[in-house]
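S.K.: One line per chain: the protein sequences are X and H, in this order.
Each residue of the first sequence is one higher than the one before, starting from 32 at the first, in this note's numbering.
Each residue of the second sequence is one higher than the one before, starting from 32 at the first, in this note's numbering.
Beta carbons: idealized from backbone N, C-alpha and C, even for Gly.
If you scroll down you'll find the structure; I have some questions about it.
Protein chains: 2
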Amino acid sequence: MPAKDITASMLVIGDEILSGRTRDKNIGVLADFCGELGIDLKEVRIIGDELSEIVAALNALREKYRYVFTSGGIGPTHDDITADAVAAAFGVELEISEAAKQAMMDRFPGYEMTPARLRMARIPQGGDLIENSVSAAPGIHIGNVYVMAGVPSVFEAMLAAIAPTLETGKRVLSTSIDCFVGEGRLGDPLGALQAEFPDVKIGSYPQFGGGRRFLTQVVLRSADQSRLNAATDAVQALVERLHTEHQAEIANHPKT
Amino acid sequence: MPAKDITASMLVIGDEILSGRTRDKNIGVLADFCGELGIDLKEVRIIGDELSEIVAALNALREKYRYVFTSGGIGPTHDDITADAVAAAFGVELEISEAAKQAMMDRFPGYEMTPARLRMARIPQGGDLIENSVSAAPGIHIGNVYVMAGVPSVFEAMLAAIAPTLETGKRVLSTSIDCFVGEGRLGDPLGALQAEFPDVKIGSYPQFGGGRRFLTQVVLRSADQSRLNAATDAVQALVERLHTEHQAEIANHPKT
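Written out as structure tokens, the structure reads:
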């Protein structure tokens, strides 16, 4: 597989995900977003609202990957400490952004700029704002880090705002084939095909439950259309052979 | 808050989560599981099917936390490499477990032990089996690491199997209060209450969308019932005061 060179990671910040109170919805959205843009999402981390942990994770991820996308911890309350962590990770001060204040006041005329609300206008030195079309309080872009909200509608709006600014890679194409014999039978010949097509990533995903029938979904992924087609044809032929064998076995051993 | 000393982390292994093909369901299930047992889930990582990445993450997490729970990558196909990674992380060899083979053959009489299926009986030296009541192929327990399946029904069955063997902590109690004014107004006095109750963790979660009304959910968490009650009473009084002020403002500025 030709190396995709635009890598990314995600840092989900919030006690509520780890405590089980809230089910995360943003990881899957970011995974789809990256796929559309040909960005290779390599790692996601979820951590709680602890400053030192956020700083350590930010520094590990921004060093390792082209992009770091964060969600959570940018609201007005005491437990919203992501801006503080980003400033600490980059070794810069937080400043009140007049543009951020203005964006909030434009949206909500008569808005009283309480100290809590002012927290949402704090931007690390050298950072830019990410537009928030939902609720005005902006996200933050600094270096290769994009700091976005945890509320799903706002997170999505912020992704839409940054999409045109991101470097994109070659989009990975994929095909999918359903196989009605189990992985235990499919595994060996499928492994041989993977060895034959090292440039196409072949994944195998069993599904249990529902009816009695086995279902294994084989997913092939590559940025190269012709190689993807060749591997897909090979897997398709294998699956048809296994289905035929399986039918013959059933015919030879009818239930009595 | 009295320090809870039973910490845990989760490692989700699988390209399909990062590519967006599959939405993870196991993180929320593990979060609830840990909450029930008083285990403090501190971090989750999601990484792809790459041996060196899995080894590095396993070693980082098993050093830092009391428990590491993994999901994914223990099936019979070539992309199932979690057992290999665990063996490499612990510096031991993989061995075919006769007990694992037997468990699979007992479940599926006449089962042909193909090389693919045999992959699922490979256990790192020094490891124990985790029972799989759904589909027989076992998980692995070695050191402080619990290696489980990615298929949600099997993951849950394996959690049920290990639950009685885990060290448990003091269960964290929580209360929740709905506040119908925004975080911008709630933030400052709520921050003051957090300072007053440093032993109770106070989180604030805004919800957008739906009606025009603001809704902020305040969640309080502590292992100490009496402190939790005192902090909850204080937040309740604050929220009632804000509601009253809000009503008065509406009365004084009726819509024309």
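#1: Measure the alpha-carbon distance for Ala279 of chain H versus Val185 of chain X and round it to whole angstroms.
#2: Check whether the Cβ atoms of Arg258 of chain H and Val203 of chain H sit closer than 8 Å, and answer yes or no.
#3: Within 10 angstroms of the Cβ of Glu271 of chain X, are there 16 or more other Cβ atoms? Answer buried if so, exposed if not.
#4: Just to confirm the assignment, what range does the alpha helix (DSSP H) spanning Ala180 of chain X have?
#5: According to the Cβ coordinates, are Gly200 of chain H and Asp71 of chain H closer than 8 Å?
#6: My output table needs one value for Thr145 of chain X: the three-state DSSP class, helix, strand or coil.
#7: So, do the segment 84-95 of chain H and the segment 114-124 of chain H have three or more beta carbon pairs nearer to each other than 8 Å?
#8: Do Asn175 of chain H and the ligand NAD come close, with the Cβ less than 7 Å from some heavy atom?
#9: Out of H:Ile161, H:Val60, H:Ile281, H:Ser50, point me to the one whose CA is closest to Met41 of chain H's CA.
#10: Considering only residues of the same chain and omitting the five flanking positions on each side of Asp209 of chain H, which have a CB-CB separation below 7 Å?
#11: Please determine, among X:Val266, X:Ala194, X:Pro195, the residue with the shortest C-alpha to C-alpha distance to Phe228 of chain X.
#12: Using a Cβ-Cβ cutoff of less than 6 Å, which residues in the same chain neighbour Thr38 of chain X once the five nearest sequence positions on both sides are dropped?
#13: Please name the residue or residues paired with Cys210 of chain H in a DSSP beta bridge.
#14: Consult DSSP for Arg138 of chain X and reduce its assignment to one of helix, strand or coil.
#15: Taking the alpha carbon of Asp36 of chain X as the reference point, which residue from X:Gly79, X:Ser205, X:Cys65, X:Glu187 has its own alpha carbon closest?
#16: Using a C-beta cutoff of 8 Å, does Lys132 of chain H count as contacting chain X?
#17: Just to check my reading of the structure: Ala299 of chain X and Ser102 of chain X have Cβ atoms closer than 8 Å, yes? What is that Cβ distance to the nearest angstrom?
#18: Bridge partners of Leu92 of chain X, per DSSP?
#19: Please report the distance separating the alpha-carbon of Lys132 of chain X from that of Ala167 of chain X.
#20: Let me confirm a value: Asn283 of chain H is counted as buried when at least 16 other C-beta atoms fall within 10 Å, else exposed. Which label applies?
#21: Does the separation of the CB atoms of Met151 of chain H and Pro107 of chain H fall below 8 Å?
#22: Can the beta-carbon of Asp80 of chain X be found closer than 8 Å to that of Asp55 of chain X?
#23: With distances taken from CA atoms, which of X:Tyr177, X:Leu49, X:Ser235 is nearest Asn163 of chain X?
#24: State yes or no: is the beta carbon of Leu72 of chain H nearer than 8 Å to at least one beta carbon in chain X?
#25: Output, in sequence order along the chain, the residues in the segment 151-181 of chain H whose CB is closer than 7 Å to any CB in chain X.
#26: Would you tell me roughly how many angstroms separate the C-alpha atoms of Pro33 of chain X and Asp115 of chain X, rounded to the nearest one?
#27: First and last residue of the alpha helix (DSSP H) that includes Phe121 of chain H?
#28: Is there a C-beta anywhere in chain H that falls below 8 Å from the one on Gln225 of chain X?
M.R.: Walking through what the data contain:
#1: The residue labelled residue 279 of chain H in the question sits at position 248 within the second sequence. The residue labelled residue 185 of chain X in the question sits at position 154 within the first sequence. Approximately 30 Å between the Cα atoms of the pair.
#2: Within the second sequence, numbered from 1, the residue matching residue 258 of chain H stands at position 227. Within the second sequence, numbered from 1, the residue matching residue 203 of chain H stands at position 172. Not closer than 8 Å, so no.
#3: Counted from its first residue, the first sequence places residue 271 of chain X at position 240. So Glu271 of chain X counts as exposed.
#4: Translated into positions along the first sequence, residue 180 of chain X becomes position 149. Secondary structure note for Ala180 of chain X: it is in no alpha helix (DSSP H), with a DSSP letter that is neither H nor E.
#5: For the purposes of this step, residue 200 of chain H is taken as residue 169 along the second sequence, with counting starting at 1. For the purposes of this step, residue 71 of chain H is taken as residue 40 along the second sequence, with counting starting at 1. Result yes, Cβ atoms of Gly200 of chain H and Asp71 of chain H sit closer than 8 Å.
#6: Within the first sequence, residue 145 of chain X is the residue found at index 114, counting from 1. If DSSP states are grouped into helix, strand and coil, Thr145 of chain X belongs with coil.
#7: yes
#8: Absence of the ligand NAD from the depicted structure is noted, as is the absence of any ligand whatsoever, leaving it without description.
#9: Taking the first residue of the second sequence as 1, we reach residue 41 of chain H at position 10. That would be H:Val60, whose Cα lies nearest to the Cα of Met41 of chain H.
#10: The residue labelled residue 209 of chain H in the question sits at position 178 within the second sequence. Once the five neighbours on either side are set aside, the close Cβ partners of Asp209 of chain H are Leu246, Gln248.
#11: For the purposes of this step, residue 228 of chain X is taken as the residue at position 197 of the first sequence. Residue X:Val266 is the option with its Cα nearest to Phe228 of chain X.
#12: In the first sequence, residue 38 of chain X corresponds to position 7, counting from 1. So the qualifying residues of the chain are Asp71, Lys73, Tyr96, Arg97.
#13: Here the question's residue 210 of chain H lines up with position 179 in the second sequence. Looking at the DSSP assignment, Cys210 of chain H forms a beta bridge with H:Thr247.
#14: Here the question's residue 138 of chain X lines up with position 107 in the first sequence. Three-state result, Arg138 of chain X: helix.
#15: Counting from one through the first sequence, the residue named residue 36 of chain X turns up at place 5. Looking at the Cα atoms, X:Cys65 is the closest of the given residues.
#16: Residue numbering aside, residue 132 of chain H sits at position 101 when the second sequence is read from its first letter. Cβ-Cβ to chain X under 8 Å: no for Lys132 of chain H.
#17: Given that chain X is displayed from residue 32 to residue 287, the structure contains no residue 299 of chain X and the question cannot be resolved.
#18: Counting from 1 along the first sequence, the entry for residue 92 of chain X is found at position 61. The beta-bridge partner set that DSSP reports for Leu92 of chain X is empty.
#19: To locate residue 132 of chain X, count along the first sequence from 1; it is residue 101. To locate residue 167 of chain X, count along the first sequence from 1; it is residue 136. Their backbone Cα atoms lie some 9 Å apart in a straight line.
#20: As a working note, residue 283 of chain H is residue 252 in the second sequence. Burial call: exposed.
#21: Along the second sequence, one-based indexing puts residue 151 of chain H at 120. Along the second sequence, one-based indexing puts residue 107 of chain H at 76. The answer is yes: Cβ separation under 8 Å.
#22: In the first sequence, the residue the question calls residue 80 of chain X occupies position 49. In the first sequence, the residue the question calls residue 55 of chain X occupies position 24. No.
#23: Translated into the one-based positions of the first sequence, residue 163 of chain X becomes position 132. Out of X:Tyr177, X:Leu49, X:Ser235, X:Tyr177 has the C-alpha closest to the C-alpha of Asn163 of chain X.
#24: Within the second sequence, numbered from 1, the residue matching residue 72 of chain H stands at position 41. It does; some Cβ of chain X falls within 8 Å.
#25: Val165, Ser166
#26: Sequence index remark: in the first sequence, residue 33 of chain X carries index 2 (1-based). Sequence index remark: in the first sequence, residue 115 of chain X carries index 84 (1-based). A caution first: Pro33 of chain X carries a pLDDT of 41, below 50, which makes its placement in the model unreliable, though a value can still be read off. Taking the straight line joining both Cα atoms gives about 39 Å.
#27: Mapped onto the second sequence, residue 121 of chain H falls at position 90. Looking at the DSSP string, the run of the alpha helix (DSSP H) that includes Phe121 of chain H is 113-121.
#28: Along the first sequence, one-based indexing puts residue 225 of chain X at 194. So, interface residue.
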